[in-house]
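> Structure below; questions to follow.
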Amino acid sequence: MGAVVLLLLSANHHDLDLADIERLSTGAPEVGRQVVAASPAVAGAVTLATCNRFEVYLDVDGDLAEAARAAGDVVARASGVSADEVAARMRVEHGDAAVRHLFDVACGLDSVVVGEREITGQVRRALSQARTEGTTSPLLERTLQHATRTSRQVAVATDLARAGRSVVSVALDLAGARAGGLDCEREDTPWPADEHTGPIPRARWSGRRVLLVGTGSYAGAALAALRERGATDVLVWSASGRAEGFAASHGVATAAPDLATALQDADLVVTCRGTGTPVLDVATVADGMRARAARGGTGPLVLIDLALRHDIDPAVAALDGVLLVDLATVRRHAPTATTAEVERARAIVADGIQDLAGAAAERRMDDAVVALRSRAADAVADELAGLPADGSVSAERAARALHRLAARLVHEPTVRAREAGRDGRAEEHLAALEQVLGLRVTRDTPAQPHPS
């Protein structure tokens with residue numbers, strides 16, 4: 001790719017809380033366009049914003065450090081986070097490392113649950129959005145298309161896709177299986193939890209009151225998964241005061257007036273704030289359980305904590321009648337991709353990256369191919385210009401024109417070949433002719449001195 005390099009700024013679940021990722025990704029739709037406008041070194045940008053990651057992929061032809069600073073400044077302005085914090089929280093990669101990261105992301109190898117299904121579509125939509133905004137580039141097109149194409153090969157050739165349900169889906173189904181008393185749909189290939197639990201079907205949460213705590217992108221994904229499983233009675237609560245706006249924009253029946261009251265009526269609580277500070281501690285949940293029992297509530301109170309750092313104090317799991325499922329539980333019981341499947345996927349990714357590198361290497365010769373074709377076209381045009389305008393050409397004259405054309409095309413290579421012979425570079429030149437023109441030239445055996 002010459003001086004053109006893929007540059008990545010990434011904030012993801014490996015390093016940050018959901019709340020940090022959410023803050024950084026505020027204003028994400030504007031980032032790509034603004035980065036391209038802000039730095040002459042940036043030829044294109046694709047922004048990937050999901051529940052667990054916020055990443056900016058840049059096509060850079062110039063100073064990488066300057067491009068990274070410009071991108072960080074744009075993210076800071078769009079999100080309201082300081083430039084220093086952006087620089088501290090967004091990891092920077094470039095070149096081969098950035099390409100490998102993108103392929104791993106697109107193929108679900110970098111997800112909270114390995115093989116996650118949704119991410120490939122999210123990568124495709126990110127590229128499509130960049131096209132709509134006019135911020136994509138040939139490098140970004142090639143790289144992201146190769147990555148998504150490789151993800152399809154991984155899905156076909158490995159069992160990761162079957163294992164890779166989203167974190168929300170795994171949590172809801174695992175909680176449903178543990179809670180009991182839920183309508184469950186048996187699938188043809190229910191995902192295996194572990195040797196103790198056995199196959200776990202898709203849980204139906206219809207007829208259950210759900211309290212959703214949080215209003216970020218993860219809350220939207222959780223709400224969509226709940227609706228797929230039949231949940232219609234959903235309250236939403238947020239300490240930020242954004243619950244009413246979220247409820248209105250997502251068609252939720254109502255926003256909860258306060259957390260304690262909503263907890264008394266809930267059968268299922270899903271939290272996805274990720275601020276690093278628990279919103280449900282032991283005392284709050286214990287009070288809610290007593291009030292719930294007094295109001296005639298039956299069955300366990302199911303709590304699902306989707307935050308990377310706990311929204312719910314893990315100690316609440318010891319309370320009677322409380323069932324807690326957190327990310328650690330999901331990771332333990334989610335369908336585990338075997339080492340062999342992961343290695344097979346990584347081999348496919350390595351092949352995909354190699355194919356991309358080969359395609360890029362081919363394109364490095366585009367200018368040479370264009371120049372060669374242009375020279376041949378010019379020679380043809382000159383010969384055509386010397387022919388009669390009425391188009392009447394005798395066979396003899398046409399033959400002479402073709403001979404002149406052929407002589408013109410081979411003149412420069414002939415001169416160069418003789419120069420190479422004089423300079424002692426005959427073997428080098430013959431090898432080049434074989435490589436470029438496909439010629440198979442018979443090497444003459446050097447003349448031996450006549451014996452005296």
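Residue numbers (full-length UniProt numbering): 1 to 452.
Where a beta carbon is used, it is the ideal one built from N, C-alpha and C, also for glycine.
Since the model is a prediction, treat every value here as computed from it, not as a measurement.
1) Would you tell me roughly how many angstroms separate the C-alpha atoms of L387 and A399, rounded to the nearest one?
2) Note the first and the last residue of the continuous beta strand (DSSP E) segment covering G245.
3) Can you tell which of A291, E93, G95 and R69 has its C-alpha closest to the C-alpha of A83?
4) Give the DSSP bridge partners of R209, in chain order.
5) According to the neighbour-count rule (16 or more other Cβ atoms, all chains shown, within 10 Å of its Cβ), is R384 buried or exposed?
6) For N12, count neighbouring Cβ atoms within 10 angstroms of its own Cβ and tell me buried if that reaches 16, exposed if not.
7) Of the residues L402, A360, E85 and V393, which one's Cα is nearest the Cα of V380?
8) Within the continuous beta strand (DSSP E) that includes T271, where are the two ends?
9) Between which two residues does the beta strand (DSSP E) containing H94 stretch?
10) Taking a contact to mean a Cβ-Cβ separation below 9 Å, would you say D267 touches G220 in this structure?
11) Using the DSSP secondary-structure output, state which residues sit across from L9 in a beta bridge.
12) Identify the residues that DSSP records as bridge partners of I312: which are they?
13) Mind checking Q34: buried by the 16 CB within 10 Å criterion, or exposed?
14) Distance, Cα to Cα, V156 vs R331?
15) Alpha carbon to alpha carbon, how far is V167 from R440? Give it in angstroms, no decimals.
16) Using a Cβ-Cβ cutoff of less than 6 Å, which residues in the same chain neighbour W237 once the five nearest sequence positions on both sides are dropped?
17) Based on Cα-Cα distance, which residue from P314, D311 and T329 lies nearest to G112?
18) Out of A340, V302, V349 and D320, state which residue places its alpha-carbon closest to the alpha-carbon of D326.
19) Could you tell me if A19 is buried or exposed, where buried requires 16 or more neighbouring beta carbons within 10 angstroms of its beta carbon?
20) Return helix, strand or coil for D390, following the three-state DSSP convention.
21) Between which two residues does the beta strand (DSSP E) holding T47 run?
22) Take G27 and list the residues in its own chain whose beta-carbon comes closer than 6 Å to its own, dropping the five residues that flank it on each side.
23) Measure the C-alpha to C-alpha separation of A98 and T132 and round it to an integer number of angstroms.
24) For the candidate residues A247, T50 and R152, whose alpha-carbon lies nearest to that of residue 456?
25) If you check the beta carbons only, do L8 and V75 fall under 9 Å apart?
26) List the DSSP bridge partners of D326.
27) Three-state secondary structure (DSSP) at R418?
28) Quick check: what's the CA-CA separation for S394 versus T414?
29) For D17, which residues from the same chain have a beta carbon less than 6 Å from its beta carbon, with the 5 sequence-adjacent residues on both sides left out?
30) Please state whether the Cβ-Cβ distance between I348 and T150 is less than 9 Å.
31) Using the rule of at least 16 other Cβ atoms within 10 Å of the residue's Cβ for burial, across every protein chain shown, is G321 buried or exposed?
32) Tell me whether the segment 34 to 46 and the segment 107 to 122 touch, counting them as touching only if at least three CB pairs, one residue from each stretch, are closer than 8 Å.
33) Could you spell out the range, first to last residue, of the beta strand (DSSP E) harbouring A203?
34) Expressed to the nearest angstrom, what Euclidean distance is found between the alpha-carbon atoms of L324 and A315?
35) Determine which residues share a DSSP beta bridge with D61 and list them.
Taking the definition as stated:
1) To locate residue 387, count along the sequence shown from 1; it is residue 387. To locate residue 399, count along the sequence shown from 1; it is residue 399. Distance between the alpha carbons of L387 and A399: 12 Å.
2) The count along the sequence shown starts at 1 and reaches residue 245 at position 245. No beta strand (DSSP E) contains G245, which is instead part of the alpha helix (DSSP H) from A243 to H250.
3) Numbered from its first residue, the sequence shown carries residue 83 at position 83. Of the listed residues, the one whose Cα sits closest to A83 is R69.
4) One-based indexing of the sequence shown puts residue 209 at position 209. Per DSSP, D233.
5) Within the sequence shown, numbered from 1, the residue matching residue 384 stands at position 384. A small correction: the amino acid at residue 384 is Leu; Arg does not occupy that position in the sequence shown. With fewer than 16 other Cβ atoms within 10 Å, it is exposed.
6) Position 12 of the sequence shown holds residue 12. N12 comes out buried.
7) Taking the first residue of the sequence shown as position 1, residue 380 is located at position 380. Checking every option, the nearest Cα to that of V380 belongs to L402.
8) For the purposes of this step, residue 271 is taken as the residue at position 271 of the sequence shown. First-last of the beta strand (DSSP E) with T271: L268 to T271.
9) Locating residue 94 in the sequence shown gives position 94, counting from the first residue. From DSSP, the beta strand (DSSP E) with H94 extends over R91 to H94.
10) The residue given as residue 267 occupies position 267 in the sequence shown. The residue given as residue 220 occupies position 220 in the sequence shown. No. Outside cutoff.
11) By one-based count along the sequence shown, residue 9 stands at place 9. In the DSSP output, where bridge partners are listed per residue, L9 has V56 and V92.
12) Here residue 312 refers to the residue found at position 312 of the sequence shown. Answer by DSSP bridge pairing, in chain order: L280.
13) Looking up residue 34 in the sequence shown gives position 34. With 16 or more Cβ atoms within 10 Å of its Cβ, Q34 is classed as buried.
14) As a position in the sequence shown, residue 156 is number 156, starting the count at 1. As a position in the sequence shown, residue 331 is number 331, starting the count at 1. Taking the straight line from one Cα to the other gives about 24 Å.
15) Within the sequence shown, the letter at position 440 stands for residue 440. Within the sequence shown, the letter at position 167 stands for residue 167. Spanning the two alpha carbons is a distance of roughly 59 Å.
16) Translated into positions along the sequence shown, residue 237 becomes position 237. V213, A243, A256, L259 and A262, listed in sequence order.
17) Counted from its first residue, the sequence shown places residue 112 at position 112. Checking the displayed sequence, the identity of residue 112 turns out to be Val instead of Gly. The shortest C-alpha separation from V112 is found at T329.
18) Numbered from its first residue, the sequence shown carries residue 326 at position 326. It is V302 whose Cα lies nearest to the Cα of D326.
19) Locating residue 19 in the sequence shown gives position 19, counting from the first residue. A19 is buried by the Cβ-count criterion.
20) For this step, residue 390 is matched to residue 390 along the sequence shown. It is coil, neither helix nor strand.
21) Taking the sequence shown and counting its residues from 1, one reaches residue 47 at position 47. Per DSSP, T47 belongs to the beta strand (DSSP E) from V42 to A49.
22) In the sequence shown, counting from the first residue as 1, residue 27 sits at position 27. Around G27: A78 and S79.
23) As a working note, residue 98 is residue 98 in the sequence shown. As a working note, residue 132 is residue 132 in the sequence shown. Spanning the two alpha carbons is a distance of roughly 23 Å.
24) Coverage of the chain is limited to positions 1 through 452, which leaves residue 456 absent and any answer about it impossible.
25) Here the question's residue 8 lines up with position 8 in the sequence shown. Here the question's residue 75 lines up with position 75 in the sequence shown. Taking 9 Å as the Cβ cut-off, L8 and V75 do not qualify as a contacting pair.
26) Position 326 of the sequence shown holds residue 326. Beta-bridge pairing by DSSP links D326 to D305.
27) Here residue 418 is taken as the residue at index 418 of the sequence shown, counted from 1. If DSSP states are grouped into helix, strand and coil, R418 belongs with the helices.
28) The count along the sequence shown starts at 1 and reaches residue 394 at position 394. The count along the sequence shown starts at 1 and reaches residue 414 at position 414. About 30 Å.
29) To locate residue 17, count along the sequence shown from 1; it is residue 17. The answer, listed in chain order, is G274, G276, L308 and R309.
30) On the sequence shown, position 348 is the one that residue 348 refers to. On the sequence shown, position 150 is the one that residue 150 refers to. With respect to the 9 Å criterion, I348 and T150 are classified as neighbours on the basis of their beta carbons.
31) Against the sequence shown, residue 321 aligns to sequence position 321. Exposed.
32) no
33) As a working mapping, residue 203 is identified with position 203 in the sequence shown. Bounds of the beta strand (DSSP E) holding A203 are R202 to R204.
34) Against the sequence shown, residue 324 aligns to sequence position 324. Against the sequence shown, residue 315 aligns to sequence position 315. Each residue's CA atom was taken as its position, placing L324 and A315 some 9 Å apart.
35) One-based indexing of the sequence shown puts residue 61 at position 61. Beta-bridge partners assigned by DSSP to D61: V4.
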